[in-house]
Amino acid sequence: MVIKLSRPDRYSLLTLTGLSLLLWWPTRTLPYHWDSAAYVINAAQALSLKPWPIISQFTEFAHPPLIPFLVTLSWSIFGQNRLAAHLTVVPFLILLLGSTYYLGKKLSSPLTGLTAALLTASFPFLVAEVGMIYLDLPLAALSLAGLTAWFYQRPVVAAAFLSLAMLTKMTILPLILVLTVFTLLDQKQRCHWRWYLPLVLPLLCAGFYLNYHHYFTGWWLTLPGRETVYPKNLSQLITSLSFVFSVFFLRQHRFLLTFIGLAGVLKLVSLKKPTLTNSPFILLITLLVVGLGTFTLTGEFIPRYALSLVPLFTIITCHLLWRVWPSSVATLIFSLIFISFILAWHPPPPPSEVFAFRLNEDLSYQDHIQVGLTAAQYLESHYPQSLILGGFPQSYQLTQPLHSYVNQPLNFQDCQTISDLASVIRHPSPVILYIHPYHYSQIRCQEILQPLPHTLLETFQHNGIWAKLYLIDPNAK
0 MVIKLSRPDR
10 YSLLTLTGLS
20 LLLWWPTRTL
30 PYHWDSAAYV
40 INAAQALSLK
50 PWPIISQFTE
60 FAHPPLIPFL
70 VTLSWSIFGQ
80 NRLAAHLTVV
90 PFLILLLGST
100 YYLGKKLSSP
110 LTGLTAALLT
120 ASFPFLVAEV
130 GMIYLDLPLA
140 ALSLAGLTAW
150 FYQRPVVAAA
160 FLSLAMLTKM
170 TILPLILVLT
180 VFTLLDQKQR
190 CHWRWYLPLV
200 LPLLCAGFYL
210 NYHHYFTGWW
220 LTLPGRETVY
230 PKNLSQLITS
240 LSFVFSVFFL
250 RQHRFLLTFI
260 GLAGVLKLVS
270 LKKPTLTNSP
280 FILLITLLVV
290 GLGTFTLTGE
300 FIPRYALSLV
310 PLFTIITCHL
320 LWRVWPSSVA
330 TLIFSLIFIS
340 FILAWHPPPP
350 PSEVFAFRLN
360 EDLSYQDHIQ
370 VGLTAAQYLE
380 SHYPQSLILG
390 GFPQSYQLTQ
400 PLHSYVNQPL
410 NFQDCQTISD
420 LASVIRHPSP
430 VILYIHPYHY
440 SQIRCQEILQ
450 PLPHTLLETF
460 QHNGIWAKLY
470 LIDPNAK
């Protein structure tokens with residue numbers, strides 16, 4: 000897609016590229032964390048050891064292997080290190096913000112595009128994804144680039160980006176379905192074969208990969224036996240709907256952006272001016288509603304799943320902001336929202352003993368990394384021969400040096416495999432229980448700890464995130 004760069008374009012893209020690098024730089028050598036470690040990095044390691052078949056392992060879903068493959072490719076070029084893995088995030092972040100700018104410019108103005116991109120970059124859960132090396136940021140970048148190319152009348156380029164998005168994560172399907180409806184409703188587009196490329200090629204990619212995956216694994220979309228959590232009655236559907244919409248539109252100060260958008264619509268209606276009735280904005284609103292509706296129906300939603308929808312939300316809101324209010328007022332409102340989002344990047348949670356299985360999607364993930372790193376180094380230094388009982392994420396932190404928490408694998412056993420408590424006491428080596436409240440596997444760990452004599456060995460804490468090590472001690476009172 001060839002787009003002539005005006006002076007505002009050059010300045011805006013330079014600003015967004017610099018911002019992308021600024022957000023990424025502190026994360027460039029972070030140890031791998033959570034789903035990134037358990038899926039992408041482990042899958043990339045498996046591909047580097049056994050390139051064929053190209054299947055994503057370590058996941059309950061039939062995710063195509065594009066991102067693990069890119070990590071493997073980066074390792075082959077730059078060496079197997081954290082910097083090489085984290086480098087794969089940079090082009091996707093730049094592509095996401097650049098596409099947001101161009102889409103906002105196309106539908107409204109360069110100012111709308113730039114401010115929408117800046118607000119998108121300030122969303123706390125996007126900032127958190129920059130250091131994670133996972134699927135949702137690349138998916139958002141590729142799908143938005145495809146949508147932007149579609150608006151710029153470049154269906155071949157749109158087909159390429161949307162196909163790559165499908166090979167990242169197949170949750171792009173609702174976008175394809177909505178574009179299909181709008182293509183069929185457009186008299187010019189439905190009569191030209193090129194406009195069917197962005198609709199057909201991604202589906203062909205999905206069909207090919209699913210058959211390929213099934214041939215080698217024997218299963219299709221999800222691992223057999225995996226429980227589904229979709230709403231099964233009206234009450235659960237309403238609960239799911241309220242949860243999805245409250246998380247997306249209200250939390251982490253997003254209520255400010257939602258309020259400005261609603262106020263803008265009401266003001267235009269009161270002035271009897273057109274609001275968002277032209278077809279481009281109808282398409283964005285439709286994509287937003289269908290995307291959130293899909294999450295409601297599946298019953299599985301965390302903020303990062305909606306990264307693809309964030310630019311649509313910010314473009315619509317920024318369009319209303321600059322259209323309804325005088326520029327000085329709009330600038331003040333934008334600045335306040337931008338600053339409020341930044342303030343939500345890293346709010347320290349109060350220390351709590353209560354289980355918190357749904358982690359905050361902000362920079363607190365770095366606190367989890369720090370606690371895990373400190374605890375792992377302590378165990379490797381002081382208790383290298385001990386048996387350590389724990390859950391996730393210790394299952395990779397203490398056993399796989401690849402993830403940069405330990406230099407040598409420690410003797411680790413998952414609490415959920417322990418059925419005989421007497422065997423824990425009889426174990427010839429010291430037994431240490433690794434306790435924290437951030438994963439459901441810890442329920443069993445605490446069940447093991449309570450009846451056994453134990454002594455608190457060490458506590459690790461960073462910005463409210465904590466972990467404790469208990470020594471199983473027959474002499475403890």
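Residue numbers for the sequence shown follow numbering that gives the first Met the number 0, so the first one is 0 and each next one is one higher.
For glycine and all other residues, C-beta sits at the position ideal for the given N, C-alpha and C.
If you're wondering where the values come from, they're calculated on a predicted model, not measured in any experiment.
Problem - Environment of L456 [buried if 16+ CB atoms lie within 10 Å] - result: Looking at its Cβ environment, which holds 16 or more other Cβ atoms inside 10 Å, L456 is buried.
Exercise for the section: Would you tell me roughly how many angstroms separate the C-alpha atoms of L233 and S98, rounded to the nearest one? Expected result: When rounded, the distance between both Cα atoms is 38 Å.
Exercise for the section: Taking T373 as part of the alpha helix (DSSP H), name the residues at either end of that continuous run. Expected result: Residue range 364–381 is occupied by the alpha helix (DSSP H) that includes T373.
Practice task
Note down the Cα distance separating S55 from S418, rounded to an integer number of angstroms.
Solution key: Cα to Cα, the separation comes out at about 32 Å.
Exercise for the section: Check the Cβ-Cβ distances between S47 and every residue of chain C, and say whether any is below 8 Å. Expected result: Absent here is chain C; the protein component of the structure consists of one chain.
Exercise for the section: Could you name the residues of the same chain whose beta carbon sits closer than 6 Å to that of S35, not counting the 5 residues immediately before and after it, in chain order? Expected result: Within the same chain, S35 has close Cβ partners M131, I132, Y133.
Practice task
Return the residue from the list Q399, L397, I471 that minimises the CA-CA distance to A429.
Solution key: A quick correction: the sequence has Pro, not Ala, at residue 429. For P429, the nearest C-alpha among the options comes from I471.
Problem - Rounded separation between L451 and H402 - CA only - result: The alpha-carbon of L451 is positioned some 32 Å away from that of H402.
Handout entry: Rounded C-alpha distance that separates S334 from L117
Key = Straight across, the Cα-Cα distance linking S334 with L117 is about 10 Å.
Exercise for the section: For F122, collect the residues of the same chain with a Cβ closer than 7 Å to its Cβ; drop the 5 residues on either side in sequence, then sort them by chain order. Expected result: Cβ neighbours of F122 beyond the five flanking positions: V309, F340.
Exercise for the section: Kindly indicate the opening and closing residues of the beta strand (DSSP E) around L456. Expected result: Looking at the DSSP string, the run of the beta strand (DSSP E) that includes L456 is 453–461.
Problem - Meets three-Cβ-pair contact criterion under 8 Å: the segment 37–47 and the segment 193–205 - result: Output reads no: the segment 193–205 does not touch the segment 37–47.
Handout entry: Among R9, I66, S108, K49, the one whose alpha carbon lies nearest that of T316
Key = Taking the Cα of T316 as reference, the smallest distance to any Cα among R9, I66, S108, K49 is reached at S108.
Exercise for the section: Just mark H435 as buried or exposed, buried being the case when its beta carbon has 16 or more other beta carbons within 10 Å. Expected result: Buried.
Handout entry: L92 versus Y439 - alpha carbon distance
Key = Distance between the alpha carbons of L92 and Y439 is about 32 Å.
Practice task
Could you tell me how far apart the beta carbons of A164 and S142 are, in whole angstroms, since I believe they sit closer than 8 Å?
Solution key: Rounded, the Cβ-Cβ distance is 4 Å, consistent with contact.
Problem - Cβ shell of L13 (< 7 Å), same chain only, five flanking positions each side left out - result: Same-chain partners within the cutoff: there are none.
Problem - Limits of the alpha helix (DSSP H) - the one that Y100 falls within - result: Looking at the DSSP string, the run of the alpha helix (DSSP H) that includes Y100 is 88–106.
Exercise for the section: Take T295 and list the residues in its own chain whose beta-carbon comes closer than 6 Å to its own, dropping the five residues that flank it on each side. Expected result: Shown here for T295: same chain residues with a beta carbon closer than 6 Å to its own, the five before and five after excluded, namely S239, L240, V243 in chain order.
Exercise for the section: Return yes when the Cβ of L287 is within less than 8 Å of the Cβ of L311, no when it is not. Expected result: Yes, they are a contact pair.
Problem - Per-residue burial, I237 [other beta carbons within 10 Å of its own, 16 or more giving buried] - result: Looking at its Cβ environment, which holds fewer than 16 other Cβ atoms inside 10 Å, I237 is exposed.
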